[in-house]
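Notes to accompany the following structure.
In my numbering, the protein residues as written are 1081 to 1315.
And the structure:
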């Protein structure tokens, strides 16, 4: 959940979104995506990604060249052991940064949307401090979830998942629009191209051209896991 305004973009293959991420010292904010998958290509540095799902807890090392990915429901947190920089790949034109994320705050901060948004907001006067404060709060909640999982198993995540669903429901119309205009539209275009090829035609080839994103739409933004250089990949 990254707070930014974005202008016209360019759809990348499959409706993927990309951001360059410089992970915060020590590490990022544990959170979950409810509809989107995400992947990391490690550009430099050393660290790990901690994950918690119904399959259990794991810590996966990250060094330059490593590639990892995870689907909706995987609670994840980046750990920075030195200079960790990542190219983040996100489904649905970067929807994980544009709303599909709920941080693992303690339960009292997940009771309703107003309380959650107040606890996770970044103030204009002290964005770095407020980003670190919400990270530390989410780390507390993550630790509790891990402890509960050890004693209760997968059911330990049920309350957090249910709270996360309630929190994002007001955003779902916007999420669906982004999906329809991005990944779904591109998949439909592929289907139309295959139909044309089966018929022995290829009208889509006549509109072929190169597109370029010359620079990030926004740079140095305070994201959940670190400072972000964000590209708008919506057509």
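Even glycine gets a Cβ: it sits at the ideal position worked out from N, Cα and C.
By the Cβ rule, the segment 1139-1146 counts as touching the segment 1119-1126, because three or more pairs are nearer than 8 Å. Runs of the alpha helix (DSSP H) lying entirely within the segment 1175-1222, each at least 4 residues long, are 1193-1200 in chain order.
Residue pairing for residue 1111: DSSP places it in a beta bridge opposite 1156 and 1183. If you keep only unbroken alpha helix (DSSP H) runs of at least 4 residues inside the segment 1240-1293, you get 1252-1259 and 1265-1278. Taking a C-beta distance under 8 Å as the contact criterion, residue 1296 and residue 1309 qualify as a contact pair.
One thing to note: residue 1177 has its Cβ within 8 Å of the Cβ of residue 1099. In the structure shown, residue 1234 falls within a helical segment according to DSSP collapsed to helix, strand and coil. Cβ-Cβ distances below 7 Å link residue 1302 to 1202, 1207, 1208 and 1211 in the same chain, with the five nearest sequence neighbours on each side left out; the list follows chain order.
With 16 or more other CB atoms across the displayed protein chains lying within 10 angstroms of its CB, residue 1183 is buried.
With distances taken between CA atoms, residue 1154 lies nearest to 1130 out of 1162, 1167, 1130 and 1163. In the structure shown, residue 1104 falls within a coil segment according to DSSP collapsed to helix, strand and coil.
For residue 1148, the enclosing beta strand (DSSP E) has its first and last residue at 1147-1150.
Judged by DSSP in its simplified three-state form, residue 1141 adopts strand.
In the three-state DSSP reduction, residue 1310 falls in the strand class (E or B). In the structure shown, residue 1162 falls within a strand segment according to DSSP collapsed to helix, strand and coil. If the five residues before and after residue 1282 are omitted, its C-beta is found closer than 8 Å to the C-beta atoms of 1273 and 1276, all from its own chain and listed in chain order. Cα atoms of residue 1227 and residue 1128: separation of roughly 20 Å, rounded to the nearest angstrom.
Of 1165, 1264 and 1173, the smallest CA-CA separation from residue 1311 is found for 1173. For the set 1135, 1193 and 1307, the Cα lying nearest the Cα of residue 1245 is the one of 1193. Residue 1110 is positioned such that its CB atom lies closer than 8 Å to that of residue 1218. Distance from the CA atom of residue 1235 to the CA atom of residue 1189, rounded to whole angstroms, is 20 Å.
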